[in-house]
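Worksheet: one structure, shown below.
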Ligand code: NI
Ligand code: MN
């Protein structure tokens with residue numbers, strides 16, 4: 002069984018057997034975060050891209066916990082230059098870790114470090130753990146290849162940005178849900194900042210109307226997969 006916890010914005014933890022995995026742990030400076038970064042532990046941290054609201058507390062947590070950070074090559078090299086162990090991957094690549102498989106997909110967005118340096122291409126993340134497939138879209142606009150991602154993976158849970166401005170809005174994320182055909186869609190990347198206000202309840206309703214299932218998670222809520 003996998004325990005999936007939402008920390009607001011795009012941040013999640015997954016706990017499976019003895020493994021603790023964090024995705025995009027932006028906690029410090031996130032007004033909605035229900036925890037403090039110093040209380041989060043990780044064996045692995047998987048990053049979608051280098052922007053501050055995704056890289057977040059990665060370096061501090063990884064140094065304290067001796068975590069391995071999994072990211073696309075350019076971002077992984079940056080992480081490594083900060084004295085943190087990183088596993089370099091890239092889009093389309095899949096690798097088996099002790100907890101399961103990670104594959105990076107495309108995402109239409111940008112990626113830079115806090116210093117403004119180019120961090121390679123942004124990515125979406127596919128995790129295959131204990132027979133479950135989890136798709137975290139990262140930051141992205143809607144793209145047609147989501148249909149392919151849905152056709153080639155039986156997705157149990159998809160986390161999709163709905164906040165607009167930097168990413169898909171509610172209606173584009175509903176279309177993405179139709180492409181992906183995940184068993185459950187969780188809306189992310191909304192309400193953290195004034196420019197990404199979105200109605201997650203409306204999103205859930207619209208996904209339901211499309212014959213699919215979405216659920217808005219409370220900040221700090223854990224579900225079991
Ligand atoms: Ni971003
Ligand atoms: Mn973002």
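Numbering (the working numbering), first residue to last: 2 to 226. Note that the Cβ used here is the ideal one computed from N, Cα and C, for glycine as well.
Would you mind sorting residue i into buried or exposed? The rule is 16 or more other CB atoms within 10 Å of its CB.
i, result
"residue 95", "exposed"
"residue 31", "buried"
"residue 112", "buried"
"residue 42", "exposed"
"residue 84", "exposed"
"residue 205", "buried"
Thinking C-alpha only, which one of the options is nearest residue i?
i, options, result
"residue 134", "15, 109, 9", "15"
"residue 54", "190, 207, 225, 210", "190"
"residue 116", "56, 167, 69", "56"
"residue 4", "131, 74, 85", "131"
"residue 129", "49, 155, 70", "155"
"residue 201", "217, 193, 186, 101", "217"
Taking residue i as part of the alpha helix (DSSP H), name the residues at either end of that continuous run.
i, result
"residue 5", "That residue, residue 5, is in no alpha helix (DSSP H); its beta strand (DSSP E) goes 3-7."
"residue 177", "171-181"
"residue 168", "Careful: residue 168 lies outside any alpha helix (DSSP H) and carries neither H nor E."
"residue 60", "59-66"
"residue 55", "53-56"
"residue 156", "First-last for residue 156: undefined, no H or E at that position."
"residue 206", "201-210"
Which first and last residues belong to the beta strand (DSSP E) in which residue i is found?
i, result
"residue 144", "Looking at the DSSP string, residue 144 is not in any beta strand (DSSP E), and its letter there is neither H nor E."
"residue 135", "133-137"
Using 8 Å for Cβ pairs, my map puts residue i next to residue j. What's the rounded Cβ distance?
i, j, result
"residue 161", "residue 120", "Rounded, the Cβ-Cβ distance is 22 Å, inconsistent with contact."
Using a Cβ distance threshold of 8 Å, determine whether the stretch 166-184 contacts the stretch 136-147, with at least three qualifying pairs required. Three or more Cβ pairs closer than 8 Å define a contact, and the stretch 166-184 meets that threshold against the stretch 136-147.
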